[in-house]
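Inspection log for the structure reproduced underneath, given as structure tokens.
Protein chains: 2
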Amino acid sequence: MALVPPHGGGALKPLLLTGAALEAEKKAAAGYKKVEITTREACDCFMMGIGAFTPLSGFMGEADWKGVCADMKMKSGVFWPIPITCSVGDEENVSVGDKLALNCDEFGGLVATMEVTEKYQIDKVFEAKNVFRTDDKEHPGVQKVYEQKKWNIGGPVKVLSEGGFPDEYKGIYATPAETRKIFEDAGWSRIAAFQTRNPLHRSHEFLCKIAVEVMDGVIIHQILGKLKAGDIPADVRVNAINALVDNYFVKNTIVTKGYPMEMRYGGPREALLHAVFRQNYGCSHLIVGRDHAGVGDYYGPFDAQKIFLEIPAGSLVIKNLNIDWTFHCYKCGGMASLRTCPHGKEDRLLLSGTMVRKTLSEGGDLPAEFSRPEVVKILQNYYQTLEEKVEIKLHGAATGDVKK
Amino acid sequence: MALVPPHGGGALKPLLLTGAALEAEKKAAAGYKKVEITTREACDCFMMGIGAFTPLSGFMGEADWKGVCADMKMKSGVFWPIPITCSVGDEENVSVGDKLALNCDEFGGLVATMEVTEKYQIDKVFEAKNVFRTDDKEHPGVQKVYEQKKWNIGGPVKVLSEGGFPDEYKGIYATPAETRKIFEDAGWSRIAAFQTRNPLHRSHEFLCKIAVEVMDGVIIHQILGKLKAGDIPADVRVNAINALVDNYFVKNTIVTKGYPMEMRYGGPREALLHAVFRQNYGCSHLIVGRDHAGVGDYYGPFDAQKIFLEIPAGSLVIKNLNIDWTFHCYKCGGMASLRTCPHGKEDRLLLSGTMVRKTLSEGGDLPAEFSRPEVVKILQNYYQTLEEKVEIKLHGAATGDVKK
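Line by line, the protein sequences give chains A and B.
Position one of the first sequence corresponds to residue 1 (our numbering), numbered consecutively onward.
Position one of the second sequence corresponds to residue 405 (our numbering), numbered consecutively onward.
In structure tokens, the structure reads:
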């Protein structure tokens with residue numbers, strides 16, 4: 001059995017230059033107009049660079065942007081659920097025909113070059129309402145759209161950097177070509193991706209293990225780009241996930257890797273984007289649990305499952321593997337979901353995120369039925385450090401209004 | 405989404421007559437030559453009667469018998485893994501062209517009528533070696549083949565009875581048309597069948613629940629025909645399974661039904677037969693665990709999973725859902741399988757069948773991690789009654805050699 005094909009029907013399309021071509025383009029870029037891009041835009045360049053956003057060849061023009069917002073379809077007819085765009089202001093003075101050196105200081109400078117073939121203005125509320133189902137500026141994904149500059153620019157991109165991810169996340173960072181090779185070498189064709197931006201508690205472990213039971217293998221696939229404030233940083237999460245995998249998974253059933261994107265918190269539409277690039281990574285299935293890629297109360301708990309039924313047949317080769325809300329049930333005597341546990345709330349161990357954070361930051365233990373002790377220890381250490389940082393800040397600021 | 409089609413590409417083919425046709429055939433049968441058939445043969449008539457053996461139209465002729473033994477293929481080209489045959493001796497004096505009234509006293513008399521179109525002798529060792537992978541006469545399936553009479557007779561069958569199953573197993577017994585309606589009414593198309601001849605302990609519950617997580621629903625599908633000595637009788641098992649389902653499953657995810665066949669204990673080949681008629685019952689998947697339909701040490705623990713890879717593509721529409729060996733692991737803190745538990749034997753609760761029977765017949769409790777208390781209670785009662793029966797027998801016989 002072969003792996004699923006890349007999205008769009010062709011081969012993987014990595015836009016990252018290497019060798020002499022890379023050196024030549026870097027040299028040429030010195031003569032291009034330099035434009036500072038956001039970390040989100042830079043990360044999208046990295047995703048295009050490694051072929052994770054196959055078949056895109058650059059930032060989207062107006063027709064693609066509009067088709068994607070309205071119908072999740074590009075001009076070419078290929079399915080795509082969230083615009084991949086780049087914006088500039090008047091001050092950058094960009095014109096169609098310009099060649100740009102896209103720079104991002106947070107990623108060490110030059111990220112990519114771009115040939116501007118379009119410059120257009122967008123209706124941000126239209127994009128927000130279509131993609132995020134809300135125009136609330138408090139939504140972290142909507143906020144980023146609203147913060148975009150006046151003009152969107154479209155055109156082909158040549159990627160010149162991987163933004164330091166390969167070194168910073170050695171052993172975790174992987175390109176689609178690399179995971180495809182891992183899967184092929186293992187003889188896998190049915191592979192479920194578990195998307196995560198969080199450390200894994202037992203409910204997440206359970207989702208992965210259900211998939212391990214019925215698939216050839218599972219990839220725990222972590223987002224390595226920026227998250228919203230309050231999320232556990234990627235390096236701590238990587239350690240917590242490694243501790244879990246080392247102690248509670250069978251070696252030849254699981255792969256742990258990461259990808260250089262930023263979360264949009266787009267719920268259903270982001271679940272589809274997660275599916276698109278997982279197909280490029282060689283996965284046949286995407287695990288979709290409760291409130292996938294959601295934030296706050298913007299999405300119904302299973303909207304991200306439902307949207308896979310709403311898109312036209314043939315949009316994706318990868319399939320969604322839906323799993324219901326999971327928890328430990330004392331009457332079941334183990335992990336269960338709303339589909340397998342007939343008991344009541346009082347029999348289930350349910351902890352809120354707030355309660356979990358409070359317990360950990362006070363150095364308290366979480367029940368073994370909620371989280372593995374090896375994971376708890378790493379999270380306690382993290383919150384402890386955070387606590388110290390806050391205290392230092394408090395002393396330094398000599399005010400009491402920094403929230404502990 | 406529609407249900408899987410019946411096996412062979414056509415409609416369900418129930419051979420059971422009803423109404424006026426039934427009455428007419430019964431009357432005609434009074435004038436046919438009466439032949440006593442075995443319970444295995446009678447049960448195969450019942451399976452044909454309800455369309456579970458679609459597309460068979462009767463007992464197999466020589467070409468079908470040979471093709472099925474050698475290549476799992478009938479003359480028509482349709483896939484079939486185990487011969488469905490009827491045998492007679494010289495004393496029955498059956499000739500080609502005869503019409504027979506097939507009788508089975510254990511099922512209350514007349515079962516079916518048959519028009520004999522072929523009479524042939526078989527190489528029983530050839531059948532045993534091909535179908536059961538052994539010619540050992542201790543194998544309970546092989547034994548039944550060896551006990552067959554001198555001649556096999558083939559020809560179309562009209563079924564006149566359901567053998568009392570609908571009344572004896574009210575609410576459990578179901579025809580393929582009935583389960584198909586249940587699935588359609590529930591809106592299910594992805595349905596996994598769990599085959600069982602045993603009460604369900606937690607390892608079996610776990611297999612079913614994994615399937616519940618990833619399918620629309622699961623049917624616990626019990627064999628209602630005769631078993632080998634030592635197996636728990638069907639009525640006790642039905643009660644034990646009902647107790648489990650009532651207390652530990654979510655109502656709209658599970659269906660409990662049974663079918664009127666006798667076990668062959670044919671391991672891999674029987675797993676394929678189980679798949680064939682589950683497809684007729686409307687199931688898209690058959691759960692295949694460790695040593696499916698096996699007995700003793702005749703088959704490797706996963707031979708029944710492997711054989712699904714060995715049959716020609718397109719043989720079946722139904723798919724196998726393989727699940728590894730399952731157990732409770734104290735370090736995992738719940739049910740697990742060899743695919744999900746990386747720990748050692750010492751961390752796992754493993755009880756032999758012998759130990760379980762011994763504990764239950766002494767009225768002892770099984771650990772809650774092994775079996776649900778509601779199930780244990782029913783099994784304790786059964787073994788207790790069995791004990792009393794043996795004691796009565798002992799006193800009556802006034803000898804000491806009946807094993808307790």
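Idealized CB from N, CA, C, for every residue including glycine.
Practice item. Let me know the beta strand (DSSP E) ranges lying completely inside the segment 103-129 of chain A, each 3 residues or longer, listed in chain order. Key: Segments of the beta strand (DSSP E) lying fully in the segment 103-129 of chain A: 109-115 and 118-120.
Point to revise | For Ala203 (chain A), the first and last residue of its enclosing alpha helix (DSSP H) | key: Reading off the sequence, residue 203 (chain A) comes out as Ser, not Ala. Run containing Ser203 (chain A): Arg202 to Val214, per the alpha helix (DSSP H) assignment.
Practice item. May I ask you to list the residues that DSSP assigns as paired with Lys723 (chain B)? Key: B:His689
Practice item. Name, in chain order, the residues that DSSP records as bridge partners for Cys490 (chain B). Key: B:Ile557
Exercise for review: Within the same chain, show all residues whose beta-carbon is closer than 8 Å to that of Lys228 (chain A), passing over the 5 residues directly before and after it, in chain order.
Suggested key: Pro140, Met263, Tyr265 and Val295
Point to revise | Residues that Phe653 (chain B) contacts on chain A, provided the C-beta gap is smaller than 8 Å | key: Thr340 and Pro342
Review point. Can Asp303 (chain A) and Pro268 (chain A) be called in contact, C-beta distance under 8 Å?
Key: yes
Review point. How many whole angstroms separate the CB atoms of Val68 (chain A) and Ile82 (chain A), which I take to be in contact at a CB cut-off of 8 Å?
Key: 7 Å
Practice item. Thinking Ile405 (chain A) and Leu207 (chain A) are a contact (beta carbons under 8 Å), I'd like their distance in whole angstroms, please. Key: With chain A represented from 1 up to 404, any question about residue 405 (chain A) goes unanswered, as that position is not in the structure.
Check your understanding: Just curious, the beta strand (DSSP E) that Asp53 (chain A) is in, first and last residue?
Key -> Sequence check: residue 53 (chain A) is Phe here, not Asp. Per DSSP, Phe53 (chain A) lies in no beta strand (DSSP E) and is assigned neither H nor E.
Point to revise | Any non-hydrogen atom of the ligand ZN within 7 Å of Gly77 (chain A) CB | key: The ligand ZN is absent from the structure shown, which contains no ligands of any kind.
Check your understanding: Using a beta-carbon distance below 8 Å, is Glu778 (chain B) in contact with chain A?
Key -> no
Review point. Taking Cβ positions, are Thr117 (chain A) and Lys158 (chain A) nearer each other than 8 Å?
Key: no
**Study point:** Own chain, CB closer than 7 Å to Leu628 (chain B), minus 5 neighbours either side, in chain order
**Key:** The beta carbon of Leu628 (chain B) sits closer than 7 Å to the beta carbons of Phe569, Tyr573, Tyr577, Ala638, Gly662, Tyr663 and Pro664 from its chain, once the five residues preceding and following it are set aside; these are given in chain order.
Point to revise | Cβ-based contacts, 9 Å cut-off: residues of the segment 692-711 of chain B near chain A | key: none
Review point. At least one CB of chain B closer than 8 Å to the CB of Cys45 (chain A): is that the case?
Key: no
Exercise for review: Inspect the beta-carbon positions of Pro5 (chain A) and Val317 (chain A) and report whether they are closer than 8 Å.
Suggested key: yes
Exercise for review: Under 8 Å by Cβ, that's how I've got Asn651 (chain B) and Arg776 (chain B) pegged, so tell me the actual separation to the nearest angstrom.
Suggested key: About 7 Å separates the Cβ atoms of Asn651 (chain B) and Arg776 (chain B), confirming a contact at the 8 Å cut-off.
Review point. So with Cβ pairs under 8 Å, would you call Val659 (chain B) a contact of chain A?
Key: no
Review point. Got a sec, what are the start and stop residues for the alpha helix (DSSP H) Tyr652 (chain B) sits in?
Key: Ala638 to Tyr652
Practice item. Mind the definition here: the segment 592-602 of chain B touches the segment 758-774 of chain B only if three or more C-beta pairs lie below 8 Å; say whether that holds. Key: no
Check your understanding: Using 8 Å as the limit for Cβ to Cβ distance, is Ile84 (chain A) near chain B?
Key -> no
Point to revise | Reduced DSSP category for Glu429 (chain B) - H, G, I as helix; E, B as strand; rest coil | key: helix
Exercise for review: Measure the Cβ-Cβ separation of Gly154 (chain A) and Phe107 (chain A) and say whether it is below 8 Å.
Suggested key: no
Review point. Terminal residues of the continuous alpha helix (DSSP H) containing Cys69 (chain A)?
Key: Glu62 to Asp71
Exercise for review: Could you tell me how far apart the beta carbons of Val439 (chain B) and Asn507 (chain B) are, in whole angstroms, since I believe they sit closer than 8 Å?
Suggested key: 7 Å
Check your understanding: Cα-Cα, which of B:Val492, B:Ile623, B:Leu420 and B:Ile441 is closest to Leu460 (chain B)?
Key -> Measuring from the Cα of Leu460 (chain B), the nearest candidate turns out to be B:Leu420.
**Study point:** Ile241 (chain A) versus A:Thr253, A:Ile220, A:Val250 and A:Lys251, residue with shortest Cα-Cα distance
**Key:** A:Ile220
Check your understanding: For the segment 125-145 of chain A against the segment 185-194 of chain A, are there 3 or more C-beta pairs whose distance is under 8 Å?
Key -> no
Point to revise | 8 Å Cβ cutoff, Met405 (chain B) in contact with chain A | key: no
Practice item. Can you grab the Cα-Cα spacing for the pair Glu25 (chain A) / Thr18 (chain A), in whole Å? Key: 10 Å
Check your understanding: Which residues mark the beginning and the end of the beta strand (DSSP E) in which Phe774 (chain B) is found?
Key -> First-last for Phe774 (chain B): undefined, no H or E at that position.
Check your understanding: Can you round the beta-carbon distance between Ala313 (chain A) and Phe327 (chain A) to whole angstroms, since I take them to be within the 8 Å contact cut?
Key -> The Cβ separation is near 34 Å, so there is no contact.
Exercise for review: Drop a sphere of 10 angstroms on the beta-carbon of Ser480 (chain B), count the other beta-carbons inside from all chains shown, and report buried for 16 or more, exposed for fewer.
Suggested key: exposed
Exercise for review: Would you kindly work out how many angstroms separate the C-alpha atoms of Val500 (chain B) and Gly693 (chain B), rounded to a whole number?
Suggested key: 43 Å
**Study point:** Min CB distance Ser741 (chain B) to chain A below 8 Å
**Key:** yes
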